[in-house]
């Protein structure tokens with residue numbers, strides 16, 4: 002029997018504790034959030050109202066309340082809040098006896114952590130895992146005085162902030178931790194919480210913070226030598242070298258200079274043998290900023306940067322100058338090779354190119370990268386048991402680097418990099434001899450893409466390395482990201498999509514066009530795949546392992562048809578798309594789509610036509626055609642309309658207009674869900690949609706769901722032939738409201754034109770109220786109004802604007 | 356010419372829609388309470404009431420099915436007393452008094468019960484199923500302009516500033532709160548028994564009895580600054596806010612309208628005579644200026660000049676339209692809404708005309724005044740006014 006976590010407790014309602022509780026709540030776990038008992042009600046009136054009579058729970062109640070306004074939102078849906086139950090350490094510790102997992106997330110002080118675990122030990126049921134969310138305190142020290150029975154189920158679960166969005170979860174075992182219990186909980190956290198598990202040793206600051214903070218310290222060391230200012234450093238250490246957009250200094254501003262310094266200080270204090278120990282002392286000028294209270298974002302956006310207003314009242318971001326101790330307008334120093342480097346889309350090739358340059362900027366980049374390689378290599382055995390993958394995963398998932406240090410080192414050419422490091426007299430461990438390959442196959446190579454990452458890695462010990470296998474979980478499918486006819490699993494393939502045999506009679510249709518946008522090749526493959534699956538498979542899954550399911554239809558193609566006035570081309574494109582989705586909807590076999598990331602416009606329409614959806618928690622779905630002056634015409638408007646009529650339950654003569662209203666709001670306001678949960682709550686996705694907080698599991702779960710439908714005797718759907726529609730009176734009712742919205746300047750006149758087209762389809766055309774129309778008539782209406790919109794200039798302007806700026810035009 | 360006498364004008368306290376004191380009580384039920392109170396106070400023999408004319412602006416749902424007939428039957432009037440529901444939106448409650456008076460003056464009837472009832476909690480504005488007309492949308496979409504937008508149009512065309520609207524609204528609240536504090540509405544209001552039903556133990560229903568006796572709309576603690584911070588509710592960049600518009604409310608008001616002979620014969624104590632009633636149309640786009648046409652017309656019919664009027668109850672649909680009316684007709688603001696208006700006390704649509712009549716007449720009696728006017732603007736562009744003489 003697998004581990005069952007139905008109730009959990011989080012002790013400590015700080016920013017991490019509360020967010021961890023919210024994440025557990027979203028995963029369907031009833032979670033107690035406990036903190037110190039308050040002696041009195043909050044003085045703030047609004048908070049006092051929220052807290053109510055039981056002020057002893059004030060800390061937890063206020064923490065839960067604050068979740069609602071936190072940005073980015075830790076809540077997949079407001080409903081997740083109802084799974085969080087506030088309490089306090091004095092009155093409620095007995096609830097721990099109900100819990101299947103207890104997470105301690107109190108303040109980072111050894112004495113406090115020790116005492117709270119003593120109290121947990123009094124109440125927790127035997128064998129229930131108890132984990133500590135610490136970022137820097139040694140597990141052994143916390144558990145020192147605890148009984149061995151407790152130590153066996155005690156380990157570290159280090160979530161990263163914000164826990165909903167950061168995939169990294171460092172798991173740090175205590176020497177006595179039961180490997181079985183640890184592994185069971187890891188499986189659960191991976192599948193149910195969507196976390197990327199990294200095994201870290203019980204060493205100072207564990208992996209991600211030890212290496213990540215060092216990378217920043219290295220940058221601060223070298224910026225002085227190179228004479229670079231803050232903004233230039235960020236320009237050189239951001240996306241240019243595959244790091245997060247916030248680069249180095251800005252990241253520190255976001256984290257908080259004090260928090261960052263505390264982590265660095267912890268390494269300095271607790272790791273006396275650290276090879277770069279002195280670098281963990283903050284530069285004097287940074288200490289001065291901290292002393293002044295300029296801690297970054299949290300102190301009125303004043304840290305390395307300062308948010309300010311210029312003379313015209315526009316927001317400006319100033320940068321700090323240590324020399325003058327003042328904030329000045331930014332002056333990013335440009336290096337001659339930058340423009341060319343930016344043209345290179347492949348990060349490894351781009352970094353290689355930069356490292357081939359000789360000027361101060363390129364030297365700075367090299368020195369910063371070199372020292373991270375050196376540091377990570379020196380610490381490898383100590384922090385990650387000699388395995389490079391945990392380090393690379395930790396840095397990618399915890400610091401949002403595109404590529405981890407060991408992956409980058411090998412992709413750049415291990416030996417060349419090693420020689421250059423040796424020439425610089427960089428510190429290196431004994432095992433770092435010529436010819437080492439951290440991974441097989443080499444990261445960023447074609448083989449590496451085809452196998453979905455490395456299959457083997459080294460394990461370093463002393464002066465030796467040996468190759469060990471990287472086990473691949475059975476739920477992960479490596480799906481083609483380009484046309485790949487060599488892959489034996491590929492049944493059909495064209496430049497934008499492939500049909501892949503994923504075993505057990507299930508085929509997976511994979512999109513691999515740019516941003517997975519819907520083009521004529523995808524439509525062709527949708528049709529072919531549906532026919533092929535009908536002949537040779539039991540079920541069809543539509544999914545991929547790219548960041549986004551699909552960003553929508555290829556509007557560039559539509560714009561060129563508009564410019565050449567080829568209305569019949571648009572009509573036949575739409576007929577093809579509608580036809581393919583109708584084939585899908587009425588297929589003789591079950592179909593399951595896997596929305597994740599963006600599922601917009603045409604991409605969203607695909608997901609609306611499958612029997613089921615298994616959506617990643619992070620699904621941003623919406624019918625957003627309005628933004629480019631169009632309406633969903635692949636059957637999306639029709640699907641929402643049909644669902645509204647069904648809900649209106651016409652047998653009872655209910656008025657369908659209020660039901661259509663909801664559909665109209667989704668399309669007319671181009672609403673995009675902030676999560677899969679919200680996609681259901683707002684009425685875009687049917688209640689039957691399943692959600693997985695783990696992006697990695699969705700194709701596997703979709704396959705399982707499809708096979709269940711097959712095993713249970715799937716009954717295909719049949720098209721609706723007689724839907725009694727709202728008709729023209731419905732349209733006129735919407736128009737009444739639209740007129741007022743235009744008059745009230747809530748929408749533009751052209752918004753109203755598009756909205757009228759949307760309601761024309763939703764209401765089933767300008768027919769008499771109660772007229773029975775077929776599903777096909779809705780599709781005909783979609784095409785008719787789509788082309789009517791294409792023939793209006795503001796629509797072309799909207800598409801053009803979106804293509805040039807990436808933002809919607811309100812005309 | 357024969358006169359129409361107003362006897363025992365009474366009303367419910369006005370409750371805020373959705374959260375106020377009448378939110379759980381049906382509009383036919385609380386109207387019945389007022390009918391019983393009017394009958395009791397006036398001492399009229401209910402069998403002699405010849406008709407009940409009841410105003411209602413959205414007569415459907417809980418207040419559908421000819422709510423006048425249901426309300427009078429619920430009040431326990433004899434089955435032989437008939438009832439009719441009348442709708443002229445926000446003036447319905449004054450319209451019914453006007454119609455009753457016309458019947459009395461014409462000698463058709465001697466004793467009519469008139470007034471209005473409305474629950475905006477239970478029946479939404481525009482009703483449960485508004486349906487647009489293709490003809491109107493094509494030819495005159497402005498006929499469908501929302502009330503808030505018409506108030507913006509009035510503010511713009513009559514140059515009523517945001518500051519003036521907010522100050523007017525502040526004063527309405529302060530006057531109303533003071534009137535309540537001094538108990539000035541006690542004589543005109545009928546305490547209403549309300550009950551709240553909630554889940555009880557073991558599947559039982561828990562019924563909490565309550566009495567609603569004081570208007571719950573006014574905000575004594577509001578300030579011009581607070582009102583100034585509210586965002587425009589209808590037009591981006593506009594000046595009409597939730598704070599300077601009337602509140603959505605629940606309430607009912609009724610009065611007896613009788614002939615002189617009837618009053619004398621049955622020894623009733625009338626408060627006033629209705630001298631005249633008038634309605635007039637204005638452009639729907641600026642419906643709020645309706646009283647600008649209706650008041651002069653009613654005064655002319657009554658043979659009075661504006662200067663002779665001691666007291667005015669002008670419905671505050673919006674501060675912008677109320678100010679536009681006052682300024683255009685040059686009405687002395689000190690005579691208007693002396694105990695606050697609909698911005699503070701609420702506007703239960705179809706009941707408002709009768710509610711303002713009760714407030715006007717009781718106020719005039721208190722302050723020993725002679726002539727008074729009730730007036731209001733009406734959606735789709737109309738105004739109504741009635742001129743009363745206190746006895």
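Chains as they are written, first to last, in this note's numbering: chain E, 2 to 812; chain X, 356 to 746. Backbone N, C-alpha and C define an ideal beta-carbon position, used for all residues, glycine too. Everything numeric in this text was worked out from a predicted model, so none of it was measured.
Quiz item: Would the beta-carbon of residue 731 of chain X fall within 8 Å of that of residue 646 of chain X?
Solution: yes
Quiz item: Is the beta carbon of residue 608 of chain X sitting closer than 8 Å to the one on residue 376 of chain X?
Solution: no
Quiz item: From the DSSP output, which residues share a beta bridge with residue 743 of chain X?
Solution: X/629 and X/727
Quiz item: So, using beta-carbon positions, are residue 692 of chain E and residue 616 of chain E closer together than 8 Å?
Solution: yes
Quiz item: So, are the CB atoms of residue 622 of chain E and residue 762 of chain E less than 8 Å apart?
Solution: no
Self-check item: For residue 248 of chain E and residue 260 of chain E, believed in contact at Cβ under 8 Å, the rounded distance
Solution: With 8 Å as the limit, residue 260 of chain E and residue 248 of chain E do not qualify as a contact, their Cβ atoms being about 18 Å apart.
Exercise. Check the Cβ-Cβ distances between residue 504 of chain X and every residue of chain E, and say whether any is below 8 Å.
Key: yes
Quiz item: Around the C-beta of residue 504 of chain X, are 16 or more other C-beta atoms found within 10 angstroms, so that it is buried, or is it exposed?
Solution: buried
Practice problem: State yes or no: is the C-beta of residue 621 of chain X nearer than 7 Å to some heavy atom of the ligand SAM? | Solution: Of the ligands one can find in the structure shown there are none, so the ligand SAM has no counterpart to examine.
Quiz item: Of all the options E/415, E/152, E/541 and E/487, which has the alpha carbon lying nearest to the alpha carbon of residue 507 of chain E?
Solution: E/541
Self-check item: Residues near residue 617 of chain X in its chain [Cβ-Cβ closer than 7 Å; skip 5 each side]
Solution: 465 and 466
Exercise. Buried or exposed for residue 579 of chain E, please, with buried defined as at least 16 other CB atoms from any protein chain shown within 10 angstroms of its CB.
Key: buried
Quiz item: Cβ of residue 598 of chain E within 8 Å of Cβ of residue 548 of chain E?
Solution: yes
Exercise. Within the region 570-611 of chain E, note down every full alpha helix (DSSP H) run reaching 4 residues or more, in order along the chain.
Key: 602-609
Exercise. Examine the Cβ distances between the region 85-105 of chain E and the region 7-24 of chain E and report whether three or more of them are shorter than 8 Å.
Key: yes
Practice problem: Could you tell me which of X/567, X/562 and X/597 sits nearest to residue 577 of chain X, measuring between CA atoms? | Solution: X/597
Quiz item: When the cut-off is 8 Å and only beta carbons count, does residue 478 of chain X lie next to chain E?
Solution: no
Quiz item: Distance, Cα to Cα, residue 112 of chain E vs residue 145 of chain E?
Solution: 11 Å
Exercise. Tell me where the beta strand (DSSP E) around residue 152 of chain E begins and ends.
Key: Note, residue 152 of chain E: premise wrong, no beta strand (DSSP E); alpha helix (DSSP H) at 149-153.
Quiz item: Taking residue 741 of chain E as the reference, which of X/583, X/383 and X/588 has the closest Cα?
Solution: X/588
Quiz item: Going by DSSP, what residues sit across from residue 716 of chain X in a beta bridge?
Solution: None; residue 716 of chain X has no bridge partner.
Self-check item: Reduced DSSP category for residue 752 of chain E - H, G, I as helix; E, B as strand; rest coil
Solution: helix
Practice problem: Identify the contact partners of residue 656 of chain E in chain X, using a Cβ-Cβ distance below 7 Å as the criterion. | Solution: 484
Quiz item: When you compare only the Cα positions, how much space is there between residue 611 of chain X and residue 490 of chain X?
Solution: 42 Å
Practice problem: Note down, in chain order, each residue of its chain lying with its Cβ closer than 7 Å to the Cβ of residue 631 of chain E, except the 5 sequence neighbours on either side. | Solution: 787, 790 and 796
Self-check item: Cα-Cα separation between residue 657 of chain X and residue 655 of chain E, rounded to whole angstroms
Solution: 50 Å
Practice problem: Could you tell me whether the Cβ of residue 730 of chain E comes closer than 8 Å to any Cβ of chain X? | Solution: yes
Quiz item: What span of residues does the alpha helix (DSSP H) with residue 447 of chain E cover, start to end?
Solution: 447-451
Exercise. Could you have a look at residue 50 of chain E and say whether DSSP puts it in helix, strand or coil?
Key: helix
Quiz item: So who's on the other strand from residue 458 of chain E, going by DSSP bridges?
Solution: E/440 and E/469
Quiz item: If residue 605 of chain E sits next to residue 624 of chain E, beta carbons under 8 Å apart, how far is it from one beta carbon to the other, in whole angstroms?
Solution: 6 Å
Practice problem: Helix, strand or coil for residue 575 of chain X, going by three-state DSSP, please let me know. | Solution: coil
Self-check item: Reduced DSSP category for residue 513 of chain X - H, G, I as helix; E, B as strand; rest coil
Solution: coil
Exercise. Please work out which residues of its chain come closer than 8 Å, Cβ to Cβ, to residue 386 of chain E, disregarding the five sequence neighbours upstream and downstream, and give them in chain order.
Key: 200, 202 and 460
Quiz item: Given 8 Å as the limit, is there contact between the region 706-715 of chain X and the region 658-676 of chain X, that is, 3 or more CB pairs closer than that?
Solution: yes
Quiz prompt | Opposing strand residues paired with residue 521 of chain X [DSSP bridges] | solution = In the DSSP output, where bridge partners are listed per residue, residue 521 of chain X has none listed.
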